[in-house]
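Letter 32 of the sequence shown, counting from 1, is numbered 31 in numbering that gives the first Met the number 0, and no numbers are missing. Built from N, CA and C at the ideal position, the CB exists for glycine as well. If you're wondering where the values come from, they're calculated on a predicted model, not measured in any experiment.
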Amino acid sequence: MKHCNLCGNAVDENEYRVYPRPRKPNARGLIVCAQCQRDKPRCAVCQTPMPPARAELSICAACWREGLNCRACGARIRDNFLMINGNDGPYCEKCYRDHAPCDLCGAPANDGAVLYADGRLVCQRCAQTAIADPRDAERLFDRVVDLVGATLGLRLNVRPRLMAVDRARLVELARHATANIGHADGKTLGLFVRMGRKRVVYVQELLPRILLIHIAAHEFAHAWEGENAPLLRDLRLREGFAEWVAYHALVQLDAPKKAAQMLQRHDDYGEGLRHLLEVEREQGIAGVLQYCRTA
Numbered sequence: 000m001k002h003c004n005l006c007g008n009a010v011d012e013n014e015y016r017v018y019p020r021p022r023k024p025n026a027r028g029l030i031v032c033a034q035c036q037r038d039k040p041r042c043a044v045c046q047t048p049m050p051p052a053r054a055e056l057s058i059c060a061a062c063w064r065e066g067l068n069c070r071a072c073g074a075r076i077r078d079n080f081l082m083i084n085g086n087d088g089p090y091c092e093k094c095y096r097d098h099a100p101c102d103l104c105g106a107p108a109n110d111g112a113v114l115y116a117d118g119r120l121v122c123q124r125c126a127q128t129a130i131a132d133p134r135d136a137e138r139l140f141d142r143v144v145d146l147v148g149a150t151l152g153l154r155l156n157v158r159p160r161l162m163a164v165d166r167a168r169l170v171e172l173a174r175h176a177t178a179n180i181g182h183a184d185g186k187t188l189g190l191f192v193r194m195g196r197k198r199v200v201y202v203q204e205l206l207p208r209i210l211l212i213h214i215a216a217h218e219f220a221h222a223w224e225g226e227n228a229p230l231l232r233d234l235r236l237r238e239g240f241a242e243w244v245a246y247h248a249l250v251q252l253d254a255p256k257k258a259a260q261m262l263q264r265h266d267d268y269g270e271g272l273r274h275l276l277e278v279e280r281e282q283g284i285a286g287v288l289q290y291c292r293t294a
């Protein structure tokens, strides 16, 4: 009989997960039961569940013992370090201080950064995973739409199409959209627009794959709201529902780190997401949809 290394409870086969250490592939790894996987805080570096006592540090004992390397420059971090978006990093103070932030993820844009024609400065990681071909972006959008339809039951009478545009065009569209769509500024990444029978999800071109999944699912959720919850005016619920859909899409498409970042936001987006996840735990997916239809 195996035991969870965090709570000590006995676990049967298929009721636990083993978290190996990348630097010690032959080591036994940490055995974590299902409840601890769900409830315990995660290490910001390796995403391994850890004891609550280490939550304030945000780093598990194993990562601390092995030593931390800056994600930007690769150098060993000897002093203080910073995490971005809660779980992206660690970054050394020098990189954080000396380099401008990436326009998309906020990480230091040091060697390998790319300056796009529309003025965006993008770090090497975001640039390397950017989807440049509009046809590839459309295929990924279709995959996201099919996924949320199958897993969450979100289907529309009129399916929107995806259009990737430059930042200036997207900002212009957002400024001309209705007031409740909002966020018409230089950081606009996506926008759902309804024009008569036409439905279009606009996204900023050259988005990294994971960010495109997030934005595509979020804006498709707004399209669903337009058909199924047209009276939903509460900003926290509108944006929280869109984030709830995006959260599930990211989890299903193997982007748990991005999904975890969403839970750490302290605005209408993050608060709405956490609220609807609680509704889901109590009433299931169908309960969330009904809640938004009647809110």
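(message) Count Cβ pairs between the region 250 to 269 and the region 84 to 93 that sit closer than 8 angstroms; are there 3 or more?
(response) yes
(request) Go through the region 75 to 159 residue by residue and report every complete run of the alpha helix (DSSP H) that reaches 4 residues or more, in order. (result) 92 to 97, 123 to 127, 133 to 151
(request) Measure from the alpha carbon of residue 146 to the alpha carbon of each residue in 131, 61, 59, 219, then state which is nearest. (result) Reading the sequence shown from its first residue, position 147 is the one you call residue 146. Among 131, 61, 59, 219, the Cα nearest to that of residue 146 belongs to 219.
(request) Count the other CB atoms, across all protein chains shown, that sit within 10 Å of the CB of residue 271; report buried if there are 16 or more and exposed otherwise. (result) Reading the sequence shown from its first residue, position 272 is the one you call residue 271. Residue 271 is buried by the Cβ-count criterion.
(request) Quick one: give me the first and last residue of the beta strand (DSSP E) that residue 16 is part of. (result) Within the sequence shown, residue 16 is the residue found at index 17, counting from 1. Start and end: 15 to 18.
(message) Tell me which residues share the same chain as residue 237 and place their Cβ nearer than 7 angstroms to its Cβ, disregarding the 5 neighbours each side in the sequence.
(response) The sequence position of residue 237 within the sequence shown is 238, counting from 1. Hits under 7 angstroms: 224, 231.
(request) Report buried or exposed for residue 179, applying the criterion of at least 16 other Cβ atoms within 10 angstroms of its Cβ. (result) Position 180 of the sequence shown, counting from 1, holds the residue named residue 179. Since pLDDT at residue 179 reaches only 40, below the 50 mark, its modelled position is unreliable, and the value read off the structure follows with that caveat. So residue 179 ends up on the exposed side.
(message) Nearest by alpha-carbon distance to residue 243: which of 127, 67, 4, 273 is it?
(response) Translated into the one-based positions of the sequence shown, residue 243 becomes position 244. Looking at the Cα atoms, 273 is the closest of the given residues.
(request) Sort out for me which residues DSSP pairs residue 191 with in a bridge. (result) By one-based count along the sequence shown, residue 191 stands at place 192. Partner(s): 200.
(request) Spatial neighbours of residue 16 within its chain, please: CB distance less than 7 angstroms, with the 5 preceding and 5 following residues excluded, ordered by chain position. (result) Residue 16 sits at position 17 when you count from the first residue of the sequence shown. Excluding sequence neighbours, residue 16 sits near 31, 36.
(request) For the beta strand (DSSP E) containing residue 30, list its first residue and its last residue. (result) In the sequence shown, counting from the first residue as 1, residue 30 sits at position 31. Taken as a continuous stretch (DSSP letters only), the beta strand (DSSP E) holding residue 30 covers 29 to 32.
(request) Measure the C-alpha to C-alpha separation of residue 74 and residue 213 and round it to an integer number of angstroms. (result) As a position in the sequence shown, residue 74 is number 75, starting the count at 1. As a position in the sequence shown, residue 213 is number 214, starting the count at 1. Near 31 angstroms, if we compare the C-alpha coordinates of residue 213 and residue 74.
(message) At the level of alpha carbons, what is the spacing between residue 90 and residue 268?
(response) Your numbering for residue 90 matches position 91 in the sequence shown. Your numbering for residue 268 matches position 269 in the sequence shown. Rounded to the nearest angstrom, the two C-alpha atoms are 26 angstroms apart.
(request) Please go through the same chain and pick out, in chain order, the residues whose beta-carbon is closer than 6 angstroms to the beta-carbon of residue 95, but skip the five residues on each side of it. (result) Locating residue 95 in the sequence shown gives position 96, where the first residue counts as 1. The residues are 81, 107.
(request) Would you mind sorting residue 255 into buried or exposed? The rule is 16 or more other CB atoms within 10 Å of its CB. (result) To locate residue 255, count along the sequence shown from 1; it is residue 256. Exposed: under 16 other Cβ atoms inside 10 Å.
(request) For residue 203, count neighbouring Cβ atoms within 10 angstroms of its own Cβ and tell me buried if that reaches 16, exposed if not. (result) For the purposes of this step, residue 203 is taken as the residue at position 204 of the sequence shown. By the 10 Å Cβ count, residue 203 comes out buried.
(request) Go ahead and label residue 102 buried or exposed: buried means 16 or more other beta carbons lie within 10 angstroms of its beta carbon, across all protein chains shown. (result) On the sequence shown, position 103 is the one that residue 102 refers to. So residue 102 ends up on the buried side.
(request) Taking residue 53 and residue 47 to be in contact with their CB atoms under 8 angstroms, please state how far apart those CB atoms are, rounded to whole angstroms. (result) Here residue 53 refers to the residue found at position 54 of the sequence shown. Here residue 47 refers to the residue found at position 48 of the sequence shown. Contact doesn't hold; Cβ gap of about 11 angstroms is too wide.
(message) Would residue 211 and residue 136 be called neighbours here (beta carbons separated by less than 9 angstroms)?
(response) Taking the first residue of the sequence shown as position 1, residue 211 is located at position 212. Taking the first residue of the sequence shown as position 1, residue 136 is located at position 137. Their beta carbons are under 9 angstroms apart, which means residue 211 touches residue 136 by this criterion.
(request) Determine the closest residue to residue 277 out of 5, 290, 110, with distance taken between C-alpha atoms. (result) Start at 1 with the first residue of the sequence shown, and residue 277 comes out as number 278. For residue 277, the nearest C-alpha among the options comes from 290.
(request) Name the two residues that bound the continuous alpha helix (DSSP H) containing residue 221. (result) By one-based count along the sequence shown, residue 221 stands at place 222. Per DSSP, residue 221 belongs to the alpha helix (DSSP H) from 208 to 227.
(message) According to DSSP, is residue 248 part of a helix, a strand, or is it coil?
(response) Sequence index remark: in the sequence shown, residue 248 carries index 249 (1-based). Looking at residue 248 - three-state DSSP - the assignment turns out to be helix.
(request) Report the option in 60, 33, 51 whose CA atom is closest to the CA atom of residue 45. (result) One-based indexing of the sequence shown puts residue 45 at position 46. When only C-alpha atoms are compared, the closest one is 60.
(request) Go ahead and label residue 33 buried or exposed: buried means 16 or more other beta carbons lie within 10 angstroms of its beta carbon, across all protein chains shown. (result) For the purposes of this step, residue 33 is identified with residue 34 of the sequence shown, where counting begins at 1. Under this definition residue 33 is an exposed residue.
(message) With H, G and I counted as helix, E and B as strand and the rest as coil, what does DSSP make of residue 254?
(response) Within the sequence shown, numbered from 1, the residue matching residue 254 stands at position 255. Residue 254 falls in the coil class under three-state DSSP.
(message) I'd like the span of the alpha helix (DSSP H) that includes residue 62, first residue to last.
(response) Counting from 1 along the sequence shown, the entry for residue 62 is found at position 63. First-last of the alpha helix (DSSP H) with residue 62: 60 to 65.
(message) Excluding the 5 residues flanking residue 217 on each side, which residues of the same chain have their C-beta closer than 6 angstroms to its C-beta?
(response) As a working mapping, residue 217 is identified with position 218 in the sequence shown. Cβ within range, chain order: 241, 245.
(request) Evaluate residue 114 with the Cβ neighbour count: other Cβ atoms within 10 Å of its Cβ, from every protein chain shown; 16 or more gives buried, anything less gives exposed. (result) Residue numbering aside, residue 114 sits at position 115 when the sequence shown is read from its first letter. Counting Cβ neighbours within 10 Å, residue 114 comes out exposed, since fewer than 16 surround it.
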